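Going left to right, the sequence shown walks through residues 131 to 397 as our numbering numbers them.
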Amino acid sequence: MAYPYQTQGFTLDNSGRRIVVDPVTRIEGHMRCEVNIDSNNVITNAVSTGTMWRGLEVILKGRDPRDAWAFVERICGVCTGTHALTSIRAVENALGIAIPDNANCIRKKLPKEALFSTLGRTAARALESVWAGNTLQYFFDRLMRNLKSGDTATANVTLWEPDTWPTSAKGVGFSEAPRGALGHWIKIENQKIDSYQCVVPTTWNAGPRDDKGQIGAYEAALMGTKLAVPDQPLEILRTLHSFDPCLACSTHVIDNHGGELVRVQVR
């Protein structure tokens, strides 16, 4: 079955003039885009490529699952906390650890603190003070009832002991990052990370070509775009910038034959 603008693999068919933008600037990470244009300077085919692969998921293999959050923080300087929280959720899901309600409330509050303005911080503190004042009496009364009834337990740490964890497990964690939905998947064997997968917002928003050469979102958005000045293809940049790409964390290396492409050893 033929698909519009389909290419064979990941290269252009070179019909018409070829325009290359490399690197695509003002984005996070490294990206290359090349297109074909017809005699009317209209884009007829396009290929976008992430040109930087960092291999953090490979580095995690064989490590203690408790290490994952600290490593994945390095995926992005903007989404540091989001990646850490999502990784922790994936490990907790794999090990069957249920966090207390108060801890869950704190996690849900974290994004609200990311209001990047002095006014936002001041307003948040004022709202928090009102909330704290209105609810303090409730928590105090509840604490006193627990103490009077003999309930002096502070925390249940049984599930946090590694000896109680299963030797093999799978888990997944989700959260909302600045660019969209973020998911981390983990597989544990012999209490070590066997495989780790991050699917970041740009993966959803962009989507690579498949093994049949069917186009992804970036290429589809470029189709039919007319370049006013082909030697200065600003329309290509504007279209790609509208997706706010983050190639630093979304680029992956795969082999559709299952062969090993790279091995990373950390000493």
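The beta carbon of each residue, even a glycine, is placed where N, CA and C say it ideally should be.
Here the structure is a predicted model, which means the values were calculated and not measured.
The residues Thr-210, His-213, Ala-214, in chain order, have a CB closer than 7 Å to that of Glu-203 in the same chain once the five nearest residues on each side in sequence are set aside. In this structure, the CA atom of Lys-191 is about 26 Å from the CA atom of Thr-179. If you draw a straight line from the Cα of His-371 to the Cα of Thr-332, it comes to about 12 Å. Cβ-Cβ separation between Val-302 and Ala-220: approximately 5 Å, consistent with a contact (criterion under 8 Å).
Per DSSP, the unbroken alpha helix (DSSP H) holding His-213 starts and ends at 210-225. In the DSSP assignment, Trp-315 falls within the unbroken beta strand (DSSP E) covering 310-319. Within its own chain, the residues whose Cβ lies closer than 6 Å to the Cβ of Val-329, once the five positions on either side in sequence are excluded, are Gly-313, listed in chain order. Secondary structure of Asp-324 (DSSP, three-state): strand.
With a threshold of 16 other beta carbon atoms within 10 Å, Leu-277 falls short and is exposed.
If you compare the alpha carbons of Trp-334, Ala-336, Glu-222, Arg-275 with that of Pro-292, the shortest gap goes to Glu-222. If you check the CB distance, Leu-357 and Glu-365 come in under 8 Å. No residue range can be given for Val-172, since it is assigned to no alpha helix (DSSP H) and is classified by DSSP as neither H nor E.
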